[in-house]
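Using the numbering used here, the first residue of the sequence shown is number 19, and each one after it goes up by one.
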Amino acid sequence: MSAETREVIAYYDALAPTYDTKRFGTSYGAYLDGLERRALREWLRGPRVLDLACGTGRFLDLASEGLDLSEKMVERARERWPGRRIHHAPAWSIPAADGSYDSVFALHLFMHLHLGDIRRVMAECRRVLRRGGVLVFDFPNALRRRLVRHQTTGWHAGTELMTWDLKMLGGGHWRLASSRGLALAPVHRLPHAARPAFMAAEVVLGRTPLKHLASYYLVRLEKVD
């Protein structure tokens with residue numbers, strides 16, 4: 019395990035006790051959660067669903083199993099979801115047989131990984147998904163970051179992509195079935211009362227060509243072989 023991976027684990031171990039309130043207990047966090055949850059409900063298929071990098075279990079109501087590399091995050095998730103099977107393991111070494119899942123999703127994971135590790139994770143997801151299975155994940159929009167001259171430092175959300183990068187990363191084993199943009203505008207600057215109405219608009223706009231200007235992409239890939 020690399021020094022950087024150990025740093026990531028230590029970061030999330032320390033964050034676990036307050037993760038839910040600090041990240042998603044705010045109106046901005048609830049806004050993002052709503053957008054992500056809506057897409058997952060539309061895109062996930064089948065009863066066998068793995069939440070990869072499940073954290074404290076925010077989306078385990080939509081999954082049959084979870085996995086995370088942070089032991090403290092896994093502990094919190096098991097407390098919240100005592101009936102779920104939650105693995106303490108890396109995303110590139112899923113403890114499951116070939117073809118075990120209908121869908122796998124990973125939110126707020128790939129943005130922290132180097133390209134080589136993204137390839138490893140996608141290859142592992144291909145292994146554990148059935149033929150035609152679905153992989154859903156998000157990543158920062160490289161074009162948006164260039165337009166706003168965003169500067170990344172360190173591993174945290176340090177990886178940005180465009181949708182055309184996915185073929186290279188996936189080795190030609192996936193079909194891009196759907197994509198949408200998330201966080202089209204600086205929502206944290208909107209009045210709290212205006213955010214629900216803006217969310218309804220963003221759900222529509224995030225499916226149009228304006229998605230290419232969003233802060234994040236959310237994509238659904240289908241395994242083709």
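Note that the Cβ used here is the ideal one computed from N, Cα and C, for glycine as well.
A straight line joining the alpha-carbon of Leu161 with that of Lys229 spans about 11 Å. For the pair Met180 and Val92, the Cα-to-Cα distance works out to about 31 Å. The alpha-carbon of Phe123 is positioned some 9 Å away from that of Asp156. In chain order, Val146 place their CB closer than 7 Å to the CB of Ala114, counting only its own chain and leaving out the 5 sequence neighbours on each side.
Our two residues, Ala21 and Tyr30, have alpha carbons roughly 15 Å apart in a direct line.
Contact fails between the region 132-147 and the region 212-226, because fewer than three Cβ pairs, one in each stretch, are under 8 Å apart.
In the DSSP assignment, Arg145 falls within the alpha helix (DSSP H) that extends over 133-146. Residue ranges of uninterrupted beta strand (DSSP E) with 3 or more members, entirely inside the region 51-112 and ordered along the chain, are 67-70, 83-86, 103-106. Spatial neighbours of His206 in its own chain (CB-CB distance under 8 Å, excluding positions within 5 residues in sequence) are listed in chain order as Tyr46.
When the beta-carbon positions are compared, Ser121 and Val67 come within less than 7 Å of each other. In this structure, Leu133 sits away from Pro108, with a CB-CB distance that is not shorter than 7 Å. The beta-carbon distance between Asn159 and Tyr235, rounded to whole angstroms, is 6 Å. This is short enough to meet the 8 Å contact definition.
In the structure shown, the three-state DSSP call for Leu33 is helix. Collapsing the DSSP output to three states places Gly150 in a strand. Counting the other Cβ atoms within 10 Å of the Cβ of Ala211 gives fewer than 16, which makes it exposed. Take Lys90, set aside five residues on each side of it, and the residues of its chain with a beta-carbon closer than 6 Å to its own are Asp31, Ala34, in chain order.
Along the region 173-226, the alpha helix (DSSP H) occurs as fully enclosed runs of 4 or more residues at 183-188, 213-223, listed in sequence order. For Ala124, no alpha helix (DSSP H) run applies; the uninterrupted beta strand (DSSP E) run containing it begins and ends at 119-124, by DSSP. In this structure, Leu58 lies near Leu80, with their beta-carbon atoms less than 7 Å apart.
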